[in-house]
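Comments concern the structure below.
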Amino acid sequence: GQLKDTRLLLLDAQQARQLAERLQRATFRVSAVENKPYTTRPAPPFTTSTLQQEANRKLGFTARRTMQVAQSLYENGHITYMRTDSTNLAQVAIEDARRLVSEEYGPEYLPGEDRVYKSKVKNAQEAHEGIRPAGHPFELPGSLRSELNADEFKVFEMIWKRTMASQMADARGRRMTI
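For the sequence shown, my numbering begins at 4 and goes up steadily by one.
Here you go:
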(Lines of atoms letter the chains of each structure in order from A and count residues from 1; the text may use other names and numbers.)
(Lines give C-alpha, C1' and ligand atoms only; values in the text may rest on other atoms or scores of the structure.)
Protein backbone atom coordinates (compact mmCIF):
# COMPACT_ATOMS: atom_id res chain seq x y z
CA GLY A 1 0.00 0.00 0.00
CA GLN A 2 0.98 3.54 -0.72
CA LEU A 3 0.23 6.54 1.48
CA LYS A 4 -2.58 8.56 -0.02
CA ASP A 5 -1.70 11.75 1.89
CA THR A 6 1.65 13.13 0.72
CA ARG A 7 2.05 15.11 3.95
CA LEU A 8 2.47 11.85 5.89
CA LEU A 9 5.82 10.17 6.34
CA LEU A 10 6.21 6.40 6.52
CA LEU A 11 9.09 5.43 8.84
CA ASP A 12 10.79 2.09 9.33
CA ALA A 13 11.94 0.99 12.82
CA GLN A 14 15.39 2.62 12.56
CA GLN A 15 13.98 5.93 11.32
CA ALA A 16 11.39 5.91 14.10
CA ARG A 17 14.12 5.37 16.75
CA GLN A 18 16.21 8.21 15.26
CA LEU A 19 13.20 10.52 15.33
CA ALA A 20 12.46 9.58 18.95
CA GLU A 21 16.06 10.34 19.94
CA ARG A 22 15.94 13.75 18.22
CA LEU A 23 12.65 14.56 19.99
CA GLN A 24 14.10 13.61 23.39
CA ARG A 25 16.98 16.04 22.88
CA ALA A 26 14.81 18.83 21.46
CA THR A 27 13.87 21.96 23.38
CA PHE A 28 10.17 22.74 23.40
CA ARG A 29 8.49 26.03 24.24
CA VAL A 30 4.92 27.17 24.64
CA SER A 31 4.00 29.48 21.79
CA ALA A 32 0.46 30.34 22.90
CA VAL A 33 -1.91 29.86 25.81
CA GLU A 34 -5.64 30.31 25.44
CA ASN A 35 -7.83 30.39 28.55
CA LYS A 36 -11.59 30.51 27.87
CA PRO A 37 -14.45 30.37 30.37
CA TYR A 38 -17.35 28.00 29.71
CA THR A 39 -20.79 27.34 31.13
CA THR A 40 -22.61 24.01 30.89
CA ARG A 41 -26.28 23.57 31.68
CA PRO A 42 -27.26 20.42 33.58
CA ALA A 43 -28.78 17.55 31.64
CA PRO A 44 -32.54 17.03 31.89
CA PRO A 45 -34.08 14.12 33.83
CA PHE A 46 -33.81 10.73 32.18
CA THR A 47 -36.13 9.42 29.51
CA THR A 48 -36.16 5.71 28.65
CA SER A 49 -33.60 6.11 25.87
CA THR A 50 -31.26 8.47 27.76
CA LEU A 51 -31.31 6.13 30.78
CA GLN A 52 -30.35 3.21 28.54
CA GLN A 53 -27.58 5.21 26.86
CA GLU A 54 -26.10 6.45 30.13
CA ALA A 55 -26.29 3.01 31.79
CA ASN A 56 -24.45 1.59 28.80
CA ARG A 57 -21.83 4.34 28.83
CA LYS A 58 -21.25 4.46 32.59
CA LEU A 59 -22.08 0.94 33.72
CA GLY A 60 -21.64 -1.18 30.59
CA PHE A 61 -25.27 -2.38 30.84
CA THR A 62 -27.25 -3.48 27.79
CA ALA A 63 -30.63 -1.84 27.19
CA ARG A 64 -32.36 -5.06 28.29
CA ARG A 65 -30.39 -5.27 31.55
CA THR A 66 -31.04 -1.58 32.28
CA MET A 67 -34.77 -1.97 31.75
CA GLN A 68 -34.94 -5.14 33.89
CA VAL A 69 -33.23 -3.31 36.75
CA ALA A 70 -35.42 -0.22 36.25
CA GLN A 71 -38.55 -2.42 36.22
CA SER A 72 -37.52 -3.90 39.57
CA LEU A 73 -36.86 -0.43 41.01
CA TYR A 74 -40.27 0.73 39.75
CA GLU A 75 -42.12 -2.32 41.09
CA ASN A 76 -40.54 -1.79 44.51
CA GLY A 77 -41.51 1.89 44.61
CA HIS A 78 -38.05 3.41 44.25
CA ILE A 79 -38.43 5.21 40.89
CA THR A 80 -41.22 6.59 38.74
CA TYR A 81 -42.39 4.76 35.61
CA MET A 82 -39.39 4.06 33.38
CA ARG A 83 -41.10 3.94 29.97
CA THR A 84 -41.30 7.63 29.10
CA ASP A 85 -40.08 10.12 26.54
CA SER A 86 -40.85 13.08 28.79
CA THR A 87 -38.30 15.14 30.72
CA ASN A 88 -40.98 16.93 32.76
CA LEU A 89 -40.93 16.65 36.54
CA ALA A 90 -43.92 17.19 38.80
CA GLN A 91 -43.72 20.42 40.80
CA VAL A 92 -43.45 18.43 44.04
CA ALA A 93 -40.44 16.56 42.59
CA ILE A 94 -38.78 19.82 41.56
CA GLU A 95 -39.31 21.19 45.07
CA ASP A 96 -37.89 17.99 46.61
CA ALA A 97 -34.83 18.08 44.35
CA ARG A 98 -34.20 21.78 45.04
CA ARG A 99 -34.48 21.20 48.81
CA LEU A 100 -32.01 18.31 48.61
CA VAL A 101 -29.58 20.31 46.44
CA SER A 102 -29.61 23.09 49.02
CA GLU A 103 -29.22 20.70 51.98
CA GLU A 104 -26.68 18.28 50.44
CA TYR A 105 -24.56 20.65 48.35
CA GLY A 106 -25.33 24.18 49.57
CA PRO A 107 -27.52 27.07 48.40
CA GLU A 108 -24.80 28.33 46.04
CA TYR A 109 -25.54 25.32 43.80
CA LEU A 110 -29.20 26.24 43.45
CA PRO A 111 -30.33 28.46 40.56
CA GLY A 112 -32.74 31.31 41.30
CA GLU A 113 -35.63 29.63 39.48
CA ASP A 114 -36.89 26.08 39.00
CA ARG A 115 -35.52 24.38 35.92
CA VAL A 116 -38.29 23.19 33.63
CA TYR A 117 -37.40 20.96 30.69
CA LYS A 118 -39.45 20.48 27.56
CA SER A 119 -39.23 17.30 25.53
CA LYS A 120 -37.49 17.69 22.19
CA VAL A 121 -39.35 14.67 20.84
CA LYS A 122 -42.31 15.49 18.61
CA ASN A 123 -45.51 13.84 19.84
CA ALA A 124 -43.84 13.08 23.17
CA GLN A 125 -46.19 11.28 25.48
CA GLU A 126 -46.32 13.78 28.35
CA ALA A 127 -48.57 11.55 30.46
CA HIS A 128 -45.54 10.39 32.45
CA GLU A 129 -42.78 12.32 34.13
CA GLY A 130 -39.10 11.93 33.44
CA ILE A 131 -37.55 9.03 35.33
CA ARG A 132 -36.81 10.11 38.89
CA PRO A 133 -36.75 8.79 42.47
CA ALA A 134 -40.27 8.03 43.69
CA GLY A 135 -41.94 9.29 46.83
CA HIS A 136 -41.59 12.41 48.92
CA PRO A 137 -39.17 13.23 50.25
CA PHE A 138 -36.74 11.47 47.92
CA GLU A 139 -34.78 8.66 49.52
CA LEU A 140 -31.02 9.16 49.55
CA PRO A 141 -29.07 6.44 47.71
CA GLY A 142 -27.05 5.60 50.82
CA SER A 143 -30.21 4.80 52.79
CA LEU A 144 -31.15 2.13 50.20
CA ARG A 145 -27.76 0.45 49.87
CA SER A 146 -28.74 -2.53 52.06
CA GLU A 147 -32.17 -2.94 50.36
CA LEU A 148 -30.99 -2.98 46.73
CA ASN A 149 -28.78 -5.42 44.88
CA ALA A 150 -25.62 -4.04 43.24
CA ASP A 151 -27.22 -3.36 39.82
CA GLU A 152 -30.30 -1.75 41.36
CA PHE A 153 -28.15 0.49 43.54
CA LYS A 154 -26.03 1.64 40.57
CA VAL A 155 -29.05 2.48 38.44
CA PHE A 156 -30.94 4.15 41.32
CA GLU A 157 -27.90 6.26 42.21
CA MET A 158 -27.52 7.30 38.57
CA ILE A 159 -31.21 8.33 38.39
CA TRP A 160 -30.97 10.15 41.73
CA LYS A 161 -27.87 12.09 40.67
CA ARG A 162 -29.38 13.06 37.30
CA THR A 163 -32.55 14.27 39.02
CA MET A 164 -30.57 16.39 41.48
CA ALA A 165 -28.29 17.75 38.75
CA SER A 166 -31.30 18.74 36.63
CA GLN A 167 -32.21 21.33 39.29
CA MET A 168 -28.69 22.62 39.94
CA ALA A 169 -26.97 25.80 38.77
CA ASP A 170 -24.94 25.80 35.56
CA ALA A 171 -21.42 24.39 35.81
CA ARG A 172 -18.77 27.01 35.25
CA GLY A 173 -15.14 26.40 34.45
CA ARG A 174 -12.23 27.33 32.26
CA ARG A 175 -10.70 25.53 29.29
CA MET A 176 -7.02 26.04 28.75
CA THR A 177 -5.42 25.29 25.40
CA ILE A 178 -1.64 25.33 25.25
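Using N, Cα and C, we set each Cβ at its ideal position, and we do this for glycine too.
Computed from a prediction, not measured in an experiment: that's the story for all the values here.
Test item: CB-CB of residue i and residue j under 8 angstroms
i: Ile97; j: Ile162; result: no
i: Val95; j: Met171; result: no
i: Thr90; j: Gly138; result: no
i: Tyr41; j: Arg178; result: yes
i: Ala58; j: Thr166; result: no
i: Leu183; j: Phe159; result: This structure leaves residue 183 out entirely; the chain is present only between 4 and 181.
i: Ala66; j: Gln55; result: yes
i: Lys157; j: Leu62; result: yes
Simplified DSSP state of residue i, which is helix, strand or coil
i: Ile181; result: coil
i: Phe156; result: helix
i: Pro110; result: helix
i: Tyr249; result: The structure shown does not extend to residue 249, since the chain is modelled only from 4 through 181, so no value can be given for it.
i: Gly145; result: helix
i: Ala93; result: coil
i: Ala137; result: coil
i: Ala100; result: helix
i: Ala19; result: helix
i: Arg86; result: coil
i: Ala35; result: coil
i: Arg60; result: helix
i: Ala168; result: helix
i: Arg67; result: helix
Residue i versus residue j - alpha carbon distance
i: Thr53; j: Arg44; result: 16 angstroms
i: Thr69; j: Asp117; result: 29 angstroms
i: Gly48; j: Ser149; result: Correcting the residue identity first, residue 48 is Pro in this sequence and not Gly. C-alpha separation (whole angstroms): 25 angstroms.
i: Gln21; j: Arg10; result: 19 angstroms
i: Tyr120; j: Ala93; result: 11 angstroms
i: Thr50; j: Leu14; result: 50 angstroms
i: Ala168; j: Arg32; result: 40 angstroms
i: Phe141; j: Phe64; result: 25 angstroms
i: Lys164; j: Thr180; result: 30 angstroms
i: Glu107; j: Glu155; result: 22 angstroms
i: Gly4; j: Ala23; result: 25 angstroms
i: Leu113; j: Ala16; result: 57 angstroms
i: Pro136; j: Gly80; result: 9 angstroms
i: Gly109; j: Arg60; result: 29 angstroms
i: Leu6; j: Leu12; result: 8 angstroms
Residue i burial status per 10 Å Cβ neighbour count (16 or more: buried)
i: Asn152; result: exposed
i: Arg86; result: exposed
Exercise for the section: May I ask you to verify whether the region 33-40 touches the region 68-79, counting CB pairs closer than 8 angstroms and requiring at least 3? Expected result: Touching, no.
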